[in-house]
Amino acid sequence: MPTFVLKRVLMSIPTFVIVAVIIFALVRALPGDPALMMLGGNIDDEATLRQMRSQLGLDKPVPVQFVVWLREVFSGNLGTSIMTGQEVGSLLWQRFGVTATVVLLAMGSALLVSIPAGLLAAHRHNSRTDYTIVFLTILKLSMPSFWVGLMLLVLFGAILGWLPTVGFVSISDDLGRGMVYLILPVTSLALSEIAVLTRMMRAGSLEIMGRDYITHARAKGLPERKVLWRHVFPNAFAPTLTMVGVMLAGLLAGAAVTETVFTLPGLGKLLVDSIYARDYPVLQGALLFIAAVYVLTNLIVDIAYSFFDPRVRLS
Amino acid sequence: MKQRAGKARLIALATAVGLGGIAPAMAQSMVKTSLNADIRGTNPGVTRDGNTDDVHGHMIEGLVTYANDFSIIPMLADSYEISEDGRTYTFKLRKGVKFHNGEEMTAKDVEWSWNRLAGEASESHCKNFFNGENNIEVTSAKAEGDDTFVITLAEPYAVFLATMARFDCGSMAVLHPDSVNADGTWNKPIGTGPYMMGDHAPGRYVELNRFEDYASREGASDGYGGGKNATVDVLRWEVVGEGAVSKTALLAGDLDLVSIDAMTAAELKGNPDFSVDAAESAVWDTYLLNSDDPVLSDVRIRRAMAHAIDPQRIMAAITEGFGKASPSPVPPMSANYTDVQAKYLTYDVEKAKALLEEAGYSGEEITILATRRNGAYYERALMAQAMMMDAGINAKLEVVEWGSQLEAYRNGSGYQMQSFTFSPRLHAGLSFEMFTGDADRKAWKNPEAVAMMNESLRTGDPEELQAIIDRLHQAFIEEVPAIGLGHRTLFTGMSSKVEGYENWGAGLLRGWMLRVKD
């Protein structure tokens, strides 16, 4: 395994360099002048604009800007935010902490619901239970997450008054209050994940249930629960795990919609804000960070895969 | 957090000595509102944008500021005198004004603060307003004794005080020198305002605490000045990026005061648990026309477009009936808004068609640039397109990202017509200056108009100013460099918990007016 991990880490270096070039090129290709955006658009004088461009290093030729940025990135300095003056590295970590908390809690909750639900639907294939589960997942999949989030806010915040509609308290500051603020965003995110993962789990389980070794297990008199958990689940979960990896990486890279609706100061919200503000250092840093999250998450999933599917060996 | 811990300790102590009864009276009052993006920093005039200025404006004050009618009134100055040649401004400072650290303001602090923003080493864009880059050149700014501050200009300039009072420069805020560290880096704002800096959790919220020793001016609140008798202990701005979420939070009671749109204002109007304040602002919604464009270079086409568009209907539609047309760039609350400014090319489709025919218009495409990101740019463009098509103009809509539109605006190219909004200009001359001049971005480059506009900024004679503004408006109607719609109506929704708040034309929050009901 160490060789596999080392190989994957080494392989990711050229990936990062290519990603860095693409990120820099795409960010510079964005229409709009960051200096102009920073000054709010209504420019009163050219001198101020010139001064701002020079302050931001935007008066240098683009290739020079790229070399300067890459050199700083390799020395571990992602720069400082144009908008707030904060260090990009620490800003990303702060924001990633919030996103990771919400996403991991949501994914954990989603797996707790979707694995049994998918297995149950497959086990009761074509029954009322199966139809109900399938209907609920389709219903959820057809609802936009923004709308679901708002409805949760309206119901539990405005109508019932049970949960806060704005604000955020870090669980490291106050676990109890922090959890109260996390209930709605975690629920909103988990609902989307449950719908996808239940369908994946159901499809995978149905395929496995048709295999000879399941018939054999049943024929030798194994209780149905054991058949499901010992034989169906591990084999059916492997493809679901791949989906978990992809979803997890995507969400850790920023659940922008959820973060916007629930006023969470997370990575996705930071990314969206930095695009609108043309905050180049934050935008570039965030995109690089997201690429790293993808590489790392997929590495972890690849390693985990071998535990569920014995046919896969890390080499 | 520290504050809460401190409060808990006080209550515990009071209970311990048998004074538990006073504890409820010590509860702090708090009003929660929202910002659509976090503040950019705490350094007034340096780390700033519209949101940030709004928060800074509660902590800092300058020598002068804007009154309700946009005239200039003293704030930290007790009075000021302008020399006969119009070059020397002598400010007498108010006595007994304290900074948030308890020290009393002196003329030396005013001089230090002036140099902080307008000095050579300043990082603020404000220095370019006073170093000759933009007409005003301050040759000297000195303290004389403890209570006098004198500024001398190279040439007289009528909008000097108005420039000093600019919100984006924090009204050239007077701060205590301890606002910066010994090495010159920024520490925190130690101002003279009715509120002082509290907690700031980046990306989440910012809090200001009431300054107990605030020295208020006598009299009622007037614009951004006058008496500021703050009673709410803590003002808290939650960072809420989405308007729909702010509205939900207001309904849920998690926010007390929220800037809302016209539709929400109409919804809340009949709800007894909420109140709505609607006020016309100096924010000007308009369509800029590019006179360099081959089609629009013909003034008859531009006039036809003005006759084809009905500002009254558009303003009524985007404000749910609250707003009305005021096509002049000079806002109706300005002292310079008279019957002359109320005139505009009225909606008349037949006249538009006749002008198009006279100009030999043969269906050339006219594109309206708009963005969806900023308030109602898109909706206004859409309505204009429909009305122009009704008059036989081949109008197309091009929706772009805000950064792209801003680039087109700045370069003065890449558009024929664009739906645009100008932030408040609180001097009638500046209301024209925002789109008149030689720079690429200016829609009105006619040398005569530019000369008149420059003259309006120089004259100190109110009658002469009015005459120039009237002439400018007349020329504006004739040449149609832009089609004005109106001045945006600002809506604020409030829970029944708060009272005393009123919007005003400049569109800034004035938290010191708020009262929490018992």
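Sequence order for the protein chains is E and C. When you number the first sequence by this note's numbering, it's gap-free, plus one each residue, and the end is 320. When you number the second sequence by this note's numbering, it's gap-free, plus one each residue, and the end is 548. Ideal Cβ placement from N, Cα and C applies to all residues, glycine included.
Collapsed DSSP secondary structure at residue i in the structure displayed
i, result
"C/Pro-362", "coil"
"C/Ile-69", "coil"
"C/Tyr-254", "coil"
"E/Pro-7", "helix"
"E/Phe-21", "helix"
"E/Pro-169", "coil"
"C/Gln-161", "It is Asn, not Gln, that sits at residue 161 of chain C in the sequence shown. Strand."
"C/Ser-289", "strand"
"C/Arg-330", "helix"
"E/Lys-12", "helix"
"C/Ser-246", "coil"
"C/Asp-340", "coil"
"C/Trp-4", "The question about residue 4 of chain C has no answer here: the residues shown for chain C are numbered 31 through 548."
"E/Arg-129", "coil"
"C/Glu-133", "coil"
"E/Ile-305", "helix"
"C/Met-105", "coil"
"C/Glu-150", "coil"
"E/Arg-2", "Residue 2 of chain E is absent from the structure shown; chain E starts at 6 and stops at 320."
"C/Phe-352", "coil"
"E/Asp-217", "helix"
"C/Ala-512", "strand"
"C/Arg-540", "coil"
"E/Leu-35", "coil"
"C/Lys-373", "coil"
"C/Trp-168", "Reading the sequence as shown, one finds Val at residue 168 of chain C and not Trp. DSSP places C/Val-168 in strand when its eight states are reduced to three."
"C/Phe-100", "coil"
"C/Ala-53", "Per-residue confidence for C/Ala-53 stands at a pLDDT of 43, beneath the threshold of 50, marking its modelled position as unreliable; no derived number is given."
"C/Ile-89", "The question names Ile, but residue 89 of chain C is Met in the sequence shown. Here C/Met-89 sits in coil by DSSP."
"C/Gly-523", "strand"
"C/Ala-312", "strand"
"E/Ser-147", "coil"
"E/Phe-5", "No information on residue 5 of chain E is available, as it lies outside the stretch 6 to 320 that chain E covers here."
"C/Lys-475", "coil"
"E/Phe-294", "helix"
"C/Tyr-225", "strand"
Residues bridged to residue i [DSSP beta-bridge criterion]
i, result
"C/Glu-237", "C/Arg-266"
"C/Ala-481", "In DSSP, C/Ala-481 forms no bridge with anything."
"E/Gly-255", "Bridge partners of E/Gly-255: none, in fact."
"C/Lys-125", "None, per the DSSP bridge assignment."
"C/Arg-545", "C/Glu-529"
"C/Glu-111", "C/Thr-120"
"E/Tyr-281", "Answer by DSSP bridge pairing: none, since E/Tyr-281 is not bridged."
"C/Leu-335", "A small correction: the amino acid at residue 335 of chain C is Met; Leu does not occupy that position in the sequence shown. Answer is none; C/Met-335 lacks a bridge partner."
"C/Leu-319", "C/Met-447"
"C/Thr-82", "Per DSSP, none; premise fails for C/Thr-82."
CB-CB length for residue i against residue j, believed under 8 Å
i, j, result
"C/His-503", "C/Ser-358", "6 Å"
"C/Ala-312", "C/His-86", "The Cβ separation is near 20 Å, so there is no contact."
"E/Val-298", "E/Ala-261", "With 8 Å as the limit, E/Val-298 and E/Ala-261 do not qualify as a contact, their Cβ atoms being about 14 Å apart."
"C/Thr-89", "C/Pro-219", "The sequence shown places Met at residue 89 of chain C, not Thr. Yes, C/Met-89 and C/Pro-219 are in contact; Cβ-Cβ is about 5 Å, under 8 Å."
"E/Glu-229", "E/Ala-111", "Between E/Ala-111 and E/Glu-229 the Cβ distance is about 30 Å, and since that is not below 8 Å, they are no contact."
Any C-beta of chain A under 8 Å from that of residue i
i, result
"E/Thr-263", "No chain A is part of this structure, whose protein chains are labelled E and C."
Self-check item: Secondary structure, beta strand (DSSP E): runs of 3+ residues fully inside the stretch 381 to 460 of chain C
Solution: Here the runs fully enclosed are 395 to 400, 424 to 429 and 447 to 452.
Quiz item: Looking at chain C, which residues of the stretch 178 to 191 of chain E have a Cβ within less than 7 Å of any of its Cβ atoms?
Solution: none
Quiz prompt | Members of the stretch 54 to 69 of chain E that neighbour chain C once the beta carbon cut-off is set at 9 Å | solution = Leu-54, Gln-56, Met-57 and Gln-60
Quiz item: Using a Cβ cut-off of 7 Å, which residues of the stretch 167 to 196 of chain C contact any Cβ in chain E, in chain order?
Solution: The stretch 167 to 196 of chain C vs chain E, Cβ under 7 Å: nothing.
Quiz item: According to a CB-to-CB cut-off of less than 7 Å, which residues of the stretch 479 to 492 of chain C neighbour chain E?
Solution: none
Quiz item: Along the stretch 144 to 170 of chain E, what residues have a CB closer than 7 Å to any CB found in chain C?
Solution: Leu-155, Leu-158, Val-159, Gly-162, Ala-163, Gly-166, Pro-169 and Thr-170
Exercise. Check each residue of the stretch 64 to 93 of chain C: if its Cβ is closer than 8 Å to any Cβ of chain E, include it; give the result in chain order.
Key: Ser-64, Ala-67, Asp-68, Arg-70, Gly-71, Thr-77, Asp-79 and Gly-80
Practice problem: Name, going along the chain, the residues of the stretch 226 to 242 of chain C whose beta-carbon falls closer than 9 Å to a beta-carbon of chain E. | Solution: The residues in question are Ala-231, Pro-232, Gly-233, Arg-234 and Tyr-235.
Exercise. Entirely within the stretch 58 to 107 of chain E and at least 4 residues each: give me those alpha helix (DSSP H) ranges in chain order.
Key: 67 to 79
Practice problem: Taking a Cβ distance cut-off of 8 Å, strictly less, list which residues of the stretch 279 to 295 of chain C are near chain E, in chain order. | Solution: Ala-279, Leu-281, Ala-282, Gly-283, Asp-284 and Leu-285
Quiz item: In chain order, what residues of the stretch 247 to 273 of chain C put their CB closer than 7 Å to some CB of chain E?
Solution: Here the close residues are Glu-268, Val-269, Val-270, Gly-271 and Glu-272.
Exercise. Please specify which runs of the beta strand (DSSP E), each continuous and at least 3 residues long, are wholly inside the stretch 175 to 220 of chain C, giving them in chain order.
Key: 178 to 183
Quiz item: Of all the residues that make up the stretch 132 to 157 of chain C, which are near chain E by a beta-carbon distance shorter than 7 Å?
Solution: His-155
Exercise. Scan the stretch 429 to 458 of chain C for residues whose Cβ lies nearer than 8 Å to a Cβ of chain E and list them as they occur along the chain.
Key: Val-430, Glu-431, Trp-432, Gly-433, Ser-434, Leu-436, Glu-437, Tyr-439, Arg-440, Phe-452 and Ser-453
Quiz item: Taking Cβ-Cβ distances below 9 Å as the criterion, which residues of the stretch 281 to 313 of chain E are in contact with chain C?
Solution: Tyr-281, Ala-282 and Arg-283
Quiz item: Taking any Cβ of chain E, which residues in the stretch 294 to 312 of chain C have a Cβ under 9 Å from it, in chain order?
Solution: Listed by position along the chain: nothing, the set is empty.
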